[in-house]
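>
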Amino acid sequence: VDASGGADLLQAAADGEQSSNHPLARSIMETAVKARIEPSSIESYEELHGRGVIARTPSGTIHVGRSGWLQQLNPGIASQVTEVEEKIAGMSGVHVMRDTDYLGAVGLEDKLRRNAITAVEEMREIGCRRICIFTGDRLSVAKRVGQAVGVDSIEAECLPEEKHEELKYLIKKGHRTLVVGDGINDGPILATADVGVAMGLSGSDIATNSAGVALMNDDLRHVPFLLQLARRTRRVISQNISMSLILAVVGLALAATGTILTLWVAPFYYALGYVIVIANSLRLVRFGEDYSEQEQARQRAEAEELSKPRRRVPALG
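Start counting the sequence shown at 22; every next residue gets the next number (my numbering).
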C-alpha cells in the first residue's frame with residue numbers, strides 16, 4: 022500500500038467520521054490521532070443510518086460507509102470496490118469516496134470476545150431456543166463469527182429497517198425476543214424487542230436510550246445472568262405474594278378467635294409479614310455474582326482490552 026495514498030485515505034475517512042458516534046467511526050478517529058492526522062473543518066454533515074455519512078469539506082464531498090451505498094452513488098467504482106474487498110476479506114470494510122473518486126476502504130478486524138462462546142452456551146442451557154445474528158457487516162465476517170460462537174442463523178449486510186422487519190416477523194410468529202446491541206443503528210430493533218439490552222462500554226447513546234436494559238460493562242456473560250436473575254426475581258415475587266396471602270388468612274382466622282392474636286400481639290404479627298418478605302427478597306442481592314478481588318481485577322483487565330481499537334488495514338482502490 023502506498024504510504025501517501027494510505028494517509029490520504031485515512032485523512033478522508035477522518036474528515037467524514039469526525040462527527041459520527043458510531044463505534045467504527047470512533048475506531049477510525051483513534052487511528053487518525055495516532056497517525057497525527059488532523060481532521061479538516063466541515064461545512065455540513067449528514068448521517069444516513071445503515072448507509073454512511075456525507076461530509077462537505079473544502080477539499081470536496083466525502084462519502085464514508087457501506088460499499089453498496091457508494092456503488093449506488095457511483096456505479097463506475099464497482100470493479101475497484103470488488104478488488105478492495107478481496108484485500109480486506111474477513112474484515113468489516115468502511116469505504117471512502119471523495120466527490121466521485123473512490124479512495125479505498127479501512128478494514129476493521131473484529132476480535133471475538135473470549136466469553137462470547139460461553140455466553141451462547143449458557144443461554145442454550147437456560148432454555149433459549151434460537152440464537153440469531155442480525156448485522157450490517159459483510160456475510161464473510163458474520164459467518165466467521167457465527168460459526169465460532171455457534172448461533173442458529175445469520176442475517177448479514179442488513180440495513181436497520183431490514184433488521185427491524187426480521188424482528189417483527191419473529192414476534193408475529195409468537196416468539197418472545199431479547200435483542201443485544203451496541204450500534205447506532207440498533208435503536209429501532211432494541212425498542213421493538215420484548216427485552217432490549219444495550220452493551221455499556223461500547224454502546225452508542227441511541228442504543229442505550231432505546232433499550233430497556235443497559236449493561237454497565239461489555240461482558241457478554243451478563244446476558245444469560247440477566248435472564249437467570251429475571252426468572253429468580255419472578256419466583257421470589259410469587260413466593261412473597263403467596264406468603265403474604267397465607268399470613269393474612271391465618272391472621273384473620275386468629276383474630277376471629279380473639280385468644281391468640283390479641284390487641285398487643287397484632288402489631289408484631291403485622292410486622293412479621295414485612296420481615297419475611299424482606300428476608301426472602303434479600304436472597305437476590307448476591308445472586309450469581311462473584312465479588313472476589315480476583316474476579317473484579319479480571320473484569321477491569323477485560324474492559325481495558327475491549328476498549329482498545331481494533332486492528333485497521335487501509336486498502337486503496
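Ideal Cβ placement from N, Cα and C applies to all residues, glycine included.
1. Relative to the ligand NAD, is the shortest distance from any of its heavy atoms to the C-beta of residue 275 smaller than 6 Å?
2. Quick check: what's the CA-CA separation for residue 279 versus residue 246?
3. On the three-state DSSP scale, how would you describe residue 312?
4. Which whole-angstrom value describes the C-beta separation of residue 211 and residue 257, a residue pair presumed to lie in contact below a C-beta threshold of 8 Å?
5. Looking at the strands, I want to know which residues DSSP matches up with residue 69.
6. Label residue 237 either buried or exposed according to how many other C-beta atoms from any shown protein chain fall within 10 Å of its C-beta, with 16 as the threshold for buried.
7. Taking residue 199 as part of the alpha helix (DSSP H), name the residues at either end of that continuous run.
8. With a threshold of 8 Å on Cβ separation, who are the neighbours of residue 161 within its own chain once the five nearest residues in sequence on each side are excluded?
9. Bridge partners for residue 235 per DSSP, in chain order?
10. Quick one: Cα of residue 149 to Cα of residue 30, how far?
11. For residue 134, which three-state DSSP category applies?
12. Checking 7 Å against the spacing of the C-beta atoms, do residue 66 and residue 76 come in under that value?
13. Rounded to a whole number of angstroms, what is the C-alpha to C-alpha distance between residue 81 and residue 91?
14. Please return the same chain residues whose Cβ sits closer than 7 Å to the Cβ of residue 32, not counting the five positions on each side in sequence.
15. What separation, rounded to the nearest whole angstrom, lies between the Cα atoms of residue 166 and residue 133?
16. Which of the three DSSP states, helix, strand or coil, is assigned to residue 30?
17. With residue 82 as the anchor, note down where its beta strand (DSSP E) starts and where it stops.
18. Would you mind stating whether residue 97 and residue 87 have Cβ atoms separated by less than 7 Å?
19. If you follow the alpha helix (DSSP H) that residue 266 is part of, which residue opens it and which one closes it?
20. Which residues in the same chain have their Cβ closer than 7 Å to the Cβ of residue 191, if we skip the five residues on either side of it in sequence?
21. Measuring straight from C-alpha to C-alpha, what distance separates residue 296 and residue 288?
22. Ends of the alpha helix (DSSP H) at residue 62?
23. Counting C-beta neighbours from all protein chains within 10 Å, is the total for residue 123 16 or more, i.e. buried, or is it exposed?
24. Using the Cβ count rule (16 or more neighbours within 10 Å means buried), how would you classify residue 156?
25. Quick check: what's the CA-CA separation for residue 37 versus residue 84?
26. Could you tell me whether the Cβ atoms of residue 102 and residue 34 are closer together than 7 Å?
27. Please state if the CB of residue 200 and the CB of residue 214 are separated by a distance shorter than 7 Å.
28. Within a Cβ cutoff of 6 Å, which residues of the same chain sit near residue 64, ignoring the five residues on either side of it in sequence?
29. Is DSSP giving residue 125 helix, strand or coil here?
30. My guess is that residue 233 and residue 244 are in contact by the Cβ rule of under 8 Å, so how many angstroms apart are they, rounded?
31. Where does the unbroken alpha helix (DSSP H) through residue 47 begin, and where does it stop?
32. Could you name the residues of the same chain whose beta carbon sits closer than 7 Å to that of residue 163, not counting the 5 residues immediately before and after it, in chain order?
33. Cβ of residue 170 within 7 Å of Cβ of residue 127?
Concretely, from the data shown:
1. Within the structure as shown, the ligand NAD is missing, as the structure has no ligands at all.
2. For this step, residue 279 is matched to residue 258 along the sequence shown. For this step, residue 246 is matched to residue 225 along the sequence shown. Their backbone Cα atoms lie some 49 Å apart in a straight line.
3. As a working note, residue 312 is residue 291 in the sequence shown. Residue confidence for residue 312 is low, a pLDDT of 48 falling below 50, so the modelled location carries little weight; the figure read from the coordinates is stated next. Reduced to three states, the DSSP call for residue 312 is coil.
4. Against the sequence shown, residue 211 aligns to sequence position 190. Against the sequence shown, residue 257 aligns to sequence position 236. Incorrect: roughly 27 Å between the Cβ atoms, too far for contact.
5. Indexing the sequence shown from 1 puts residue 69 at position 48. 73, per the DSSP bridge assignment.
6. For the purposes of this step, residue 237 is identified with residue 216 of the sequence shown, where counting begins at 1. Label assigned to residue 237: exposed.
7. Taking the sequence shown and counting its residues from 1, one reaches residue 199 at position 178. Note, residue 199: premise wrong, no alpha helix (DSSP H); beta strand (DSSP E) at 199 to 202.
8. The sequence position of residue 161 within the sequence shown is 140, counting from 1. Hits under 8 Å: 110, 111.
9. As a working mapping, residue 235 is identified with position 214 in the sequence shown. Note: residue 235 sits in a beta bridge opposite 219.
10. Taking the sequence shown and counting its residues from 1, one reaches residue 149 at position 128. Taking the sequence shown and counting its residues from 1, one reaches residue 30 at position 9. Distance between the alpha carbons of residue 149 and residue 30: 44 Å.
11. Against the sequence shown, residue 134 aligns to sequence position 113. The answer is coil: DSSP assigns residue 134 none of H, G, I, E or B.
12. Locating residue 66 in the sequence shown gives position 45, where the first residue counts as 1. Locating residue 76 in the sequence shown gives position 55, where the first residue counts as 1. Yes, they are a contact pair.
13. In the sequence shown, counting from the first residue as 1, residue 81 sits at position 60. In the sequence shown, counting from the first residue as 1, residue 91 sits at position 70. Between residue 81 and residue 91, the C-alpha separation is close to 15 Å.
14. For the purposes of this step, residue 32 is identified with residue 11 of the sequence shown, where counting begins at 1. Contacts found: 58.
15. Indexing the sequence shown from 1 puts residue 166 at position 145. Indexing the sequence shown from 1 puts residue 133 at position 112. Cα to Cα, the separation comes out at about 7 Å.
16. Looking up residue 30 in the sequence shown gives position 9. Residue state, collapsed to three classes: helix.
17. By 1-based counting over the sequence shown, the position of residue 82 is 61. Element bounds for residue 82: 81 to 86.
18. Taking the first residue of the sequence shown as 1, we reach residue 97 at position 76. Taking the first residue of the sequence shown as 1, we reach residue 87 at position 66. No. Outside cutoff.
19. As a position in the sequence shown, residue 266 is number 245, starting the count at 1. Residues 243 to 278.
20. Mapped onto the sequence shown, residue 191 falls at position 170. For residue 191, where only same-chain residues beyond five positions count, the Cβ hits under 7 Å are 198.
21. Along the sequence shown, one-based indexing puts residue 296 at 275. Along the sequence shown, one-based indexing puts residue 288 at 267. Answer to the nearest angstrom: the Cα atoms are 13 Å apart.
22. Reading the sequence shown from its first residue, position 41 is the one you call residue 62. From DSSP, residue 62 is part of no alpha helix (DSSP H); its letter is neither H nor E.
23. In the sequence shown, the residue the question calls residue 123 occupies position 102. Result: buried.
24. Residue mapping note: residue 156 aligns to position 135 of the sequence shown, counting from 1. Residue 156 is buried by the Cβ-count criterion.
25. Within the sequence shown, numbered from 1, the residue matching residue 37 stands at position 16. Within the sequence shown, numbered from 1, the residue matching residue 84 stands at position 63. Their backbone Cα atoms lie some 7 Å apart in a straight line.
26. Against the sequence shown, residue 102 aligns to sequence position 81. Against the sequence shown, residue 34 aligns to sequence position 13. No.
27. For the purposes of this step, residue 214 is taken as residue 193 along the sequence shown, with counting starting at 1. For the purposes of this step, residue 200 is taken as residue 179 along the sequence shown, with counting starting at 1. Contact flag set, yes.
28. Here the question's residue 64 lines up with position 43 in the sequence shown. 77.
29. Looking up residue 125 in the sequence shown gives position 104. Strand, per DSSP.
30. One-based indexing of the sequence shown puts residue 233 at position 212. One-based indexing of the sequence shown puts residue 244 at position 223. In fact, because the Cβ distance is near 13 Å, the residues do not count as touching under 8 Å.
31. The residue given as residue 47 occupies position 26 in the sequence shown. From DSSP, the alpha helix (DSSP H) with residue 47 extends over 44 to 55.
32. For the purposes of this step, residue 163 is taken as the residue at position 142 of the sequence shown. Excluding residues within five positions, the ones whose Cβ falls inside 7 Å are 154, 156, 175, 177.
33. Looking up residue 170 in the sequence shown gives position 149. Looking up residue 127 in the sequence shown gives position 106. No, the Cβ-Cβ distance between residue 170 and residue 127 is not below 7 Å.
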